[in-house]
Structure formats: structure tokens, C-alpha cells
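Q: Okay, here's the structure, questions in a sec.
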Amino acid sequence: MGSSELEETKAVLHMDCEKPPAISWERTFDDEGKKVAMFSMTLNDMMAIVPLMIKMLGLNLKDNAKGLASVYDPLKKWMDNCYRGVPLGGIGAGSIGKSYRGYFQQFQIFPSIYEEKPILANQFSAFISRPDGKRYSTVLSAPNADVLKGIDKAGIGSWDWKLKEKNCTYHGLFPRSWTVYNGEPDPEIKITCRQISPFIPHNYKESSFPVAVFTFTLHNSGSTPADVTLLFTWANSVGGKSELTGNHKNSRMTTADWRPPVTFAIASRETDGVRVTGCPRFTMGPSNSGDVTAKDMWDQINKNGSFVGDGNAAAAATGASRPGSSIGAAVAATTTVAAGGARAVSFALSWSCPEVKFPAGRTYHRRYTKFHGTDRDAAAERLAHDALLEHMKWESQIEEWQRPILQDKSLPEWYPITLFNELYYLNAGGTIWTDGQPPKNTSLSSATEPFNLDTFSTVANGGSAVDGILSTVAAAAARSNTAAAAMGTALLRDGEENVGQVLYLEGMEYNMWNTYDVHFYASFALLSLFPELELNLQRDFVRGVLLHDPCLRRTLDGATVARKVLGAVPHDMGLNDPWFEVNAYMLHDPVRWKDLNPKFVLQVYRDVVATGNAGFAEAAWPAVYLAMAYMDQFDRDGDGMVENEGRPDQTYDLWSVSGVSAYTGGLWVAALQAAAAMAGIVGDGAAEAYFRGRYHRARRVYTDELWNGGYFNYDNSGGATSSSIQADQLAGQWYARACGLEPIVDGDKARRALATVLDYNVMRVKGGAIGAVNGMRPDGAVDASSTQSKEVWPGVTYAVAAAMIHEGMPEAAFKTAKGIHDAGWDKHGFGYAFQTPESWTADGGYRALHYMRPLGVWAMQWALSPPVLHKEHRVAAVAASPEDAALGQEKFDKVASMLRLPEEQQHKGILRTLYDTLRQVLLPS
Numbered sequence: 067m068g069s070s071e072l073e074e075t076k077a078v079l080h081m082d083c084e085k086p087p088a089i090s091w092e093r094t095f096d097d098e099g100k101k102v103a104m105f106s107m108t109l110n111d112m113m114a115i116v117p118l119m120i121k122m123l124g125l126n127l128k129d130n131a132k133g134l135a136s137v138y139d140p141l142k143k144w145m146d147n148c149y150r151g152v153p154l155g156g157i158g159a160g161s162i163g164k165s166y167r168g169y170f171q172q173f174q175i176f177p178s179i180y181e182e183k184p185i186l187a188n189q190f191s192a193f194i195s196r197p198d199g200k201r202y203s204t205v206l207s208a209p210n211a212d213v214l215k216g217i218d219k220a221g222i223g224s225w226d227w228k229l230k231e232k233n234c235t236y237h238g239l240f241p242r243s244w245t246v247y248n249g250e251p252d253p254e255i256k257i258t259c260r261q262i263s264p265f266i267p268h269n270y271k272e273s274s275f276p277v278a279v280f281t282f283t284l285h286n287s288g289s290t291p292a293d294v295t296l297l298f299t300w301a302n303s304v305g306g307k308s309e310l311t312g313n314h315k316n317s318r319m320t321t322a323d324w325r326p327p328v329t330f331a332i333a334s335r336e337t338d339g340v341r342v343t344g345c346p347r348f349t350m351g352p353s354n355s356g357d358v359t360a361k362d363m364w365d366q367i368n369k370n371g372s373f374v375g376d377g378n379a380a381a382a383a384t385g386a387s388r389p390g391s392s393i394g395a396a397v398a399a400t401t402t403v404a405a406g407g408a409r410a411v412s413f414a415l416s417w418s419c420p421e422v423k424f425p426a427g428r429t430y431h432r433r434y435t436k437f438h439g440t441d442r443d444a445a446a447e448r449l450a451h452d453a454l455l456e457h458m459k460w461e462s463q464i465e466e467w468q469r470p471i472l473q474d475k476s477l478p479e480w481y482p483i484t485l486f487n488e489l490y491y492l493n494a495g496g497t498i499w500t501d502g503q504p505p506k507n508t509s510l511s512s513a514t515e516p517f518n519l520d521t522f523s524t525v526a527n528g529g530s531a532v533d534g535i536l537s538t539v540a541a542a543a544a545r546s547n548t549a550a551a552a553m554g555t556a557l558l559r560d561g562e563e564n565v566g567q568v569l570y571l572e573g574m575e576y577n578m579w580n581t582y583d584v585h586f587y588a589s590f591a592l593l594s595l596f597p598e599l600e601l602n603l604q605r606d607f608v609r610g611v612l613l614h615d616p617c618l619r620r621t622l623d624g625a626t627v628a629r630k631v632l633g634a635v636p637h638d639m640g641l642n643d644p645w646f647e648v649n650a651y652m653l654h655d656p657v658r659w660k661d662l663n664p665k666f667v668l669q670v671y672r673d674v675v676a677t678g679n680a681g682f683a684e685a686a687w688p689a690v691y692l693a694m695a696y697m698d699q700f701d702r703d704g705d706g707m708v709e710n711e712g713r714p715d716q717t718y719d720l721w722s723v724s725g726v727s728a729y730t731g732g733l734w735v736a737a738l739q740a741a742a743a744m745a746g747i748v749g750d751g752a753a754e755a756y757f758r759g760r761y762h763r764a765r766r767v768y769t770d771e772l773w774n775g776g777y778f779n780y781d782n783s784g785g786a787t788s789s790s791i792q793a794d795q796l797a798g799q800w801y802a803r804a805c806g807l808e809p810i811v812d813g814d815k816a817r818r819a820l821a822t823v824l825d826y827n828v829m830r831v832k833g834g835a836i837g838a839v840n841g842m843r844p845d846g847a848v849d850a851s852s853t854q855s856k857e858v859w860p861g862v863t864y865a866v867a868a869a870m871i872h873e874g875m876p877e878a879a880f881k882t883a884k885g886i887h888d889a890g891w892d893k894h895g896f897g898y899a900f901q902t903p904e905s906w907t908a909d910g911g912y913r914a915l916h917y918m919r920p921l922g923v924w925a926m927q928w929a930l931s932p933p934v935l936h937k938e939h940r941v942a943a944v945a946a947s948p949e950d951a952a953l954g955q956e957k958f959d960k961v962a963s964m965l966r967l968p969e970e971q972q973h974k975g976i977l978r979t980l981y982d983t984l985r986q987v988l989l990p991s
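If you count by this note's numbering, then the sequence shown holds residues 67 to 991, one letter each, in order.
So, in C-alpha cells, the structure goes:
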């Protein structure tokens, strides 16, 4: 194909992709949206939460004094921003947000750092002139008037901020968006800006790139040609206080607080008919003699349509900015659009921050450096250059992925909007994707060293894996002073590619990496789209189960506990020193949680059968066995079923539960079945026989203790809320179905229970318009016994809908999940698009913006289009001999006895004692 034919083909593709899809999230620029607000606390809420927040504030002050990040900052005020759109970039190298009103905001370049405010110098602008002398110019965004009041009138305030908002429409379908300027600023020119980021399923190269492309298509409906200049300006800033600290240089930027340097690159592609010129440096704020100011730069484009005579600007580009001022750069692309014709112009934005430095001091390289090196300036330039050349290939792959779902007429129109747009969190959830190598500075150590029990190996046929576990656990006391970390890349087998390690935050407000009880819901997105990353995340937790860290710490409920004990699944991968210092969570002692270990076993098994990776099964089996043995201590009466301990010892960490429970009990039953199947895969016949026998015992207990004829009771304690209707009561059934296992309850019982959830938790609150309330009472009232029982959790609602699909109830599923779309994404809802929180209340008040769990919408897609599970790796259930079962129990009991926790000592602080006393007086049960 000749060069002219190639350019023509590319131009056609530009035009084909220019039109927004028929199904997308849509807003006009003049849509004011609804400002988001935190939930209102009742007296009951305050009694439960305020003491914890006071303690958290104290911890926060201590962390700040040490230069550490905090899990939660109770004083942090988040912007009531409802103008978010599709963010920029791939996965794990930083994210930059873009408002549906056209401006850039929410910079996430560094671990757990969010800079929300827009940087108003970062803009696209349009300049249009006609042969008859008519001229038009405007910045192509519409910040609020309150925001514009504060800008420097002699700087960017001198630019033309006169966009007519009603003529501009935004369409978002992650990872792309389309902004249509219909007659703006020239009434006979239609400008469409298409934003593309390299989020490409099953692509582990380009998907790691910190870059985005903006392709502008210009349609001239007038009778005369139009000379058009598109201007892209970018400030040397990552937001926050760094912009005005001074000593910034174009092209490299050093950030405040000694964070790693960042380089930005902006570029446009010069083609036949498109001329590109640049301004390497302009100043905003106090300037030196000879500086090109923001006003000078704008006036030059307005007058000439391009940058001319750049000599002074080029010479000044090497000068550093002054404190109190900031600098930027600009690229202009100029073209002529014939009467009735069209033109396409592309720009690229890239940023390069190759090092990830965590507060404790360890530094890693990001995944993209594997392909572009660690020279940040060169990498930024190459990223922008390559994106301009390759983005149409990315786009065709994105379209190929999304097209079958978008064209499926059996799906309601709102479903693809939430399905694809909830994926924003894999980009903007603080995500970090490393190159999978050890930290650059490996000499760091802690006062009390953790250790891993990872010397045993799995040998099929004969159960020697368990023998290895026995001998290794028995030798645990002798193992010390050996640095260890929950870094699962060590478990990769020969021939398995190391695609790197991934971290993402539980939420923008809850700063913990890879929070596991929440990833349980969100993991369907990662497994469906980037399964190798999901396996590596699970490998980290495999190592985490084998990790023991005796370092003592105090939880917010007053207990002094070890950070991590052998056999317990970590709640999270930590915060300040991920992988090396796990369990940043401090509200309660996570080693006593009852859902983490079953969730680990279920996720590992699901990932094994979904990927067919038998090597992963063998590497994970020792940890799976230990995780199950660890849970044995919570079976108080020896009936095969674990019991909750009258506290919030699971993902609902403010909602207490006691005895056999619908949520945790169901997860345990499903995990027993998954453990038996895993044992079959690795050839451990005795363990398979033991787990299968215990599964059948626990399954009977679950139904006998909890089934009431209409649903499964919250728990069997006989307490005031034991008969509550929990939306998430069939989490174990849902996961068993998703894994291809047999259901843990009869199908008719499951369908009846889910119908009850639809009736009570969904339809009896706001007519089903806000999703499923976590807890309802049999009389139709909301369970107000805790903060969380009365909340709607979008991620849980999606999981309930997935369970309904698995049970053959798709109509009920879409009715249930539609409430999340209507409340979170619809223009008449609560304003949570691209910032879906952990929860909202009936009046729309949120808790924890930008949260991981809503990625669970991909569990619905998993249920609607079940992947082919690798049945060749699954072992059919067979009748076990009494000898197998006896041998399996003997070995299991030995391991379980070695993992038992010491008797728990309660140490209440003054605030907790006061809280308990006041609660008894003011809120009697």
C-alpha cells in the first residue's frame, strides 16, 4: 500500500471512529449535575464511628510526623465534584482525570496521592478564521464561574473563556470519550474530540503506558474554507502545591515533597495539510524580562495562527521557574478545512515517572519501563511519538472487545454504560503496575523481621504436600531474622512470563493496597480482562498466607496484636511498605476475620479453573491448605461449620454477627468444596476426602441453622437482628456457581431467597431506584442496627445481581442492578459517575468515594457469558474410603492445632469504655 493510500485509509478510520457510539454515558456542558455529599450520621452512627475517627486522627498525626501515609484521614475534605469523565492513561503508571466539561483534574501520579483541583492552564483551544475576515477563538472547556474567578487576568485569565456550554456534548465509554462542539466557536464548524487511552484487554505492554491521544475531527459545513488552529497547552505541574514551588524546567519536572521527578510530553502529528509549531515555555504569574507570558503566547496564536519566531522562547525553555510562578508549554496544529470538507488532527499527552517510591523508602520501577526504559525524558517523548502512530491500532482492538456487548440487543442500554465505565477504577484507583522486579533498594529492614514458611513443595500422589506443611509448621519457631515479603513473583514457574505486580487502593479515602475482602468482588474485572495480572496478585496473597510478622501493634478497638500470623490471609498488602509490611488495616484485628480465608480459597480455585494454570494450582496449594486449617479454630462446636464471634469480623466491619451466619457460613461451605476440588487437582487424595466430607457436613448445618422458609437468616444467634434479610446472604452460592462447583444450597431455596431480597432489599426502598439495601427487617423496615446495615453498597448489589443470573433470574438481576445505574450514573441520580463510592444511603449520602468494590459489575458479565472452565483440571467427586478420610483428618488436625491463636485478651481504651457505657444507657437493645 502506498503512502497516499495509507493516509487515506487512516483518514477513513478517523472518520469512522469519530462518531460517539449509540450507547454511552452522556452529558452536556451546561449540565450542572448534583453535588455529592457525605452521609448524615444518626446518634447511633456517631456513637459507633466518632470514637474510631478520634483515634484515627491521632494515628494520622503520628504518621504525618514520620513522613508516612495514613490509611484514613478524617480531616481530609474532598471536593463535591460531580463533573468527572473518563480518565487518561493505561494501567499502573499514574492517571489524569478529565472533566466532562473539558478540563483536566484529579492527578494521581504518586502512590496514594490525589490532587483533585483542575489545573486551568491545561487546555485545548480553537482558533478559526474565514476569508471574509471573521475570526473565532475560545478555550474548549467550561469550568465553573467560581473557579474562573481566581485566575490571573494577566495570565491565563486573558485567554478567551467564552464557550457556549449548551452546544457541547460529552460521551464517555471507558477507555474512550467523545466531546462534540457543535458550532463552537464557529457556527459552521463541528469539532469532535475523541480521547483514547491504551486500556486493551489481554495486552500487557501498551496497557501499561501512561499516555492518551486526542483526535480532533473538524467538519466545515460552511461555503468557504476555514483556517483552523488547535492549541494544546500544558502546565509543568502535577497539581497541588508543586506547581508554584519554583525551580521547574521544561522538559523535566521535579516535584514537591521529594517525590520522584516527572516529565510530561505534549505532541501533535504533522501530516500533509497539518502544520505543527510549538512554544517550549511560557510563564504564568511573576515573570522575568524576556519571558513569553501566557498572554503573549495566546496573542501570538490569535494573530498568526501558529508560533513564529520561537528563538526567545526556545532559549528561555531551559530556565527554571521562579517561586510563586509556574511555567507551561504549548503545541499548535494548523490546517485548512475546505468548504463541506473535514480534517483530522491528533495530539498526544504522555507523562513519565518511572520510579514508584513508597513512604517507607523502597523504590520500584513501573511496568512501562520494560519497554521504554528508565530515562524519563526519553520515555515521555517516545510514548507520545508512538501513541500518535499506533493509537488507531489500539482503537480497533478496543472496538473489537466492546462491540459484541454493545450490539447485544438482549441487554438493557444502561448495562454496557456501567459495565465499561466502572473500569475507570483500574486506571484511577491509585493503581501501580511494577516491572515485577525486587525493589531497587533492598537493604531496608524492620526492627522485627517477618518470615515466610515457603520451603515445602507439592508432590502429587500420596499427600506429601501436607507432610511438607506439617514439618515446616513444626519448625516455625526456629525460623527468624530472615527478611520476607508477600511477593508472589517467586512462585512463577519456568516458562511463565513475569508480567509484573499490580497494586490498587481499596478507595480514594481508604488507603490500603489490594484490600482482599473487597477484591473478592472486584476481581472478576481483572480476571476477565487481564488474567495474568490477577494470577500475580493472587500469588502475592499465596505468599502472604505463608508470612508471619510478630511485630505488635494496637488496633482501634483496643487490642494489641501481631501484625500478621501464619495461615491468616492478609487483609491487604499494606500501605507504606507494600508486600513487606502487610495489614495496614487497623480498625479490628484482621487475623480474626472469618471471610478472608474462605475468599482466598474460592478466588484461587476460580482462577485455576478459569485460566487452566495447573502450575499455579500446585504453587498455591500449600497456602490453600494452611488457610483452611487456620479456620478450624473458629469451629467452636466441631460440627464442621465456622462461627462468627459476635463482632464485625468480616467485610461488613461495622455490622456485628454471631454464630453461624448466612454470609460467612456460606463462604465457608463453598470454600470447603473448592478446597476438595483443589486437592483433586494436585493429587492429594486424603485432603480431598477430608474436605469433601466436611463440606457435606457444613452444608447441612448451613441450611438447618439458617433457612426459615423464605430466606437465610442473618445469623443463628437469636439476637434482635438475627432474622434480618441480608442482601449478600448467598455470596457463597454465587461464588460456587461462578467457579463451576455444585450449589451449596438447593436451587429452589436460592431462588426464593433472592426473590425475597428483590422484594425487600431492592423494591421496598425508593421503589428499587437505588440498589439493594444491605439489611432489611422481616416487617419491611430497614435494618438500622448499624451504619452498614442500612447502606446500599453498589459492589454488593452487582454481586447479588450476578447471583440472580446464575440462578436463572436475569430479569430480577437487571431490575436489581439498574438501581445502581440510576442512582450513580443517571443525570437525575446522586452524581457518582466515575467516582462510585463504597456506599450510599437512601438520601444519596456517600461513604468512601472512588471505591474498588463496584468493579464487581464484571461478575454480572461473568454470569451472563460464562467462560470456558478448564474441566480437564477438575476432579469429579468420588466416594472416599474411610481410610482416606481418617488420614486426611489426622493430618488436618495436626496442622490446625499448630495454627491456633492464643486466648484473646481484651484491652479497652478510655474512649471505647466510654462509648460502650453511653451506648448501653442511650441505645438499649
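Note that the Cβ used here is the ideal one computed from N, Cα and C, for glycine as well.
What is the DSSP secondary structure of H762, counted as helix, strand or coil?
A: If DSSP states are grouped into helix, strand and coil, H762 belongs with the helices.
Q: Any idea if S947 is buried or exposed, counting beta-carbon neighbours within 10 angstroms, 16 or more meaning buried?
A: exposed
Q: Run through the DSSP bridge pairs and tell me what Y236 is partnered with.
A: R93, T245
Q: On a Cα-Cα basis, can you pick out the residue from C617, E711, Q468, A736 that is closest to I89?
A: Q468
Q: Would you call the CB atoms of G633 and L692 closer than 7 Å?
A: Against a cut-off of 7 Å, the Cβ pair of L692 and G633 comes out as a contact.
Q: Cα-Cα, which of V839, E970, M107 is closest to D825?
A: That would be V839, whose Cα lies nearest to the Cα of D825.
Q: Could you spell out the range, first to last residue, of the alpha helix (DSSP H) harbouring N663?
A: 662-677
Q: Considering only residues of the same chain and omitting the five flanking positions on each side of M652, which have a CB-CB separation below 6 Å?
A: T621, L622
Q: Return the residue from the list L603, E336, T907, E563 that minimises the CA-CA distance to W499.
A: L603
Q: Enumerate, from N- to C-terminal direction, the unbroken alpha helix (DSSP H) stretches of 4 or more residues contained entirely within the stretch 823-907.
A: 860-872, 876-886
Q: Can P264 and A159 be called in contact, C-beta distance under 7 Å?
A: no
Q: What is the residue span of the beta strand (DSSP E) that W227 lies within?
A: That residue, W227, is in no beta strand (DSSP E); it is neither H nor E in DSSP.
Q: Grab me the residues of C259's own chain with a C-beta within less than 6 Å of its C-beta, minus the 5 sequence neighbours each way, in chain order.
A: Contacts found: T245, F280, F282.
Q: Per the contact definition of three or more C-beta pairs closer than 8 Å, is the stretch 439-458 in contact with the stretch 484-497?
A: The stretch 484-497, when compared against the stretch 439-458, does not touch it at the 8 Å Cβ threshold.
Q: Mapping the DSSP letters down to three states, classify N580 as helix, strand or coil.
A: coil
Q: Taking the CB atoms as reference points, tell me whether F170 and K164 lie closer together than 7 Å.
A: The criterion of a C-beta distance shorter than 7 Å is satisfied by F170 and K164.
Q: Taking C-alpha atoms, which residue in E562, T94, E461, D474 lies nearest to G502?
A: E562
Q: Can you look up G712 in the DSSP assignment and give me helix, strand or coil?
A: Strand.
Q: Let me confirm a value: N779 is counted as buried when at least 16 other C-beta atoms fall within 10 Å, else exposed. Which label applies?
A: By the neighbour-count criterion, in which 16 or more other beta carbons inside 10 Å mark a residue as buried, N779 falls on the buried side.
Q: Which one of G407, E231, A278, Y180 has the shortest CA to CA distance from G288?
A: G407
Q: Go to L995, then tell me how far its beta strand (DSSP E) extends in each direction, as first and last residue.
A: Outside the shown range of the chain (67 to 991) lies residue 995, about which nothing can therefore be said.
Q: Using the DSSP secondary-structure output, state which residues sit across from C345 in a beta bridge.
A: Looking at the DSSP assignment, C345 forms a beta bridge with A396.
Q: Please list, in chain order, all residues of the same chain as L595 whose beta carbon is under 6 Å from its beta carbon, the five residues on each side excluded.
A: P267
Q: What does Q792 pair with, by DSSP beta-bridge criteria?
A: G841
Q: Put K506 into one of helix, strand or coil per three-state DSSP.
A: Residue state, collapsed to three classes: coil.
Q: Are the beta-carbon atoms belonging to L118 and M574 less than 7 Å from one another?
A: Not closer than 7 Å, so no.
Q: If contacts are defined as beta-carbon pairs under 8 Å, then G731 and Y768 qualify, I think. What distance do you get, rounded to the angstrom?
A: 5 Å
Q: Do A695 and D655 have their C-beta atoms within less than 7 Å of each other?
A: No, the Cβ-Cβ distance between A695 and D655 is not below 7 Å.
Q: Which whole-angstrom value describes the C-beta separation of C617 and R629, a residue pair presumed to lie in contact below a C-beta threshold of 8 Å?
A: 5 Å
Q: Can you round the beta-carbon distance between Y587 and A925 to whole angstroms, since I take them to be within the 8 Å contact cut?
A: 7 Å
Q: Count the other CB atoms, across all protein chains shown, that sit within 10 Å of the CB of M918; report buried if there are 16 or more and exposed otherwise.
A: buried
Q: Using a Cβ-Cβ cutoff of less than 6 Å, which residues in the same chain neighbour R713 once the five nearest sequence positions on both sides are dropped?
A: S722
Q: From the DSSP output, in three-state form, read off N782 for me.
A: Note: N782 maps to coil in three-state DSSP.
Q: Name, in chain order, the residues that DSSP records as bridge partners for E461.
A: According to DSSP, E461 bridges with nothing at all.
Q: Look up G725 in the DSSP assignment and give the residues it is bridged to.
A: N710
Q: Compute the distance between the beta-carbons of A399 and S334, then report whether it is under 7 Å.
A: Yes, the pair counts as a contact, with Cβ atoms nearer than the cut-off.
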